[in-house]
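S.K.:
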Amino acid sequence: GVDGSIRVKDVSEDKIVKIREVIERDYRVEGDLRKEVSMNIKRLVDTGTFRGLRHRKGLPVRGQRTKTNARTRKGRRSGVGSKPQKPAGSRA
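Take 44 as the starting number for the sequence shown in our numbering and just add one per residue.
(1) Out of S55, R116, S48 and I59, point me to the one whose CA is closest to L102's CA.
(2) Looking at the unbroken alpha helix (DSSP H) that takes in K61, where does it start and where does it end?
(3) Note down the Cα distance separating G118 from R94, rounded to an integer number of angstroms.
(4) Residue range of the alpha helix (DSSP H) that K78 falls in?
(5) Considering only their Cβ atoms, is the gap separating V88 from R97 smaller than 7 Å?
Quick look at the structure:
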């Protein structure tokens, strides 16, 4: 293992290489991880599960409330009367 009290700048180059090898061997990272996550979501959407439908609609997937909150997942609010007002004197 790695000593938790040692600073990163003090770790030797061969230790860094060993850590990198262990991470690449035992964990999915970067592109492979993104690919796996997107394939999992695609599988949910294609099979028509409830979670897949939530992904497709862009709503929270894990049971959170949506009456209030959930703005990150739903995007910017499109409220009533949010269009810019026309100047009072102009008519078409």
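Positions of the beta carbon are idealized from the N, C-alpha and C atoms, including for glycine.
M.R.: To lay it out plainly:
(1) Mapped onto the sequence shown, residue 102 falls at position 59. The shortest Cα separation from L102 among S55, R116, S48 and I59 belongs to R116.
(2) Counting from 1 along the sequence shown, the entry for residue 61 is found at position 18. Unbroken alpha helix (DSSP H) run through K61: E56 to D69.
(3) Indexing the sequence shown from 1 puts residue 118 at position 75. Indexing the sequence shown from 1 puts residue 94 at position 51. Distance between the alpha carbons of G118 and R94: 18 Å.
(4) Here the question's residue 78 lines up with position 35 in the sequence shown. Here the alpha helix (DSSP H) through K78 covers E73 to T90.
(5) Residue 97 sits at position 54 when you count from the first residue of the sequence shown. Residue 88 sits at position 45 when you count from the first residue of the sequence shown. Contact flag unset, no.
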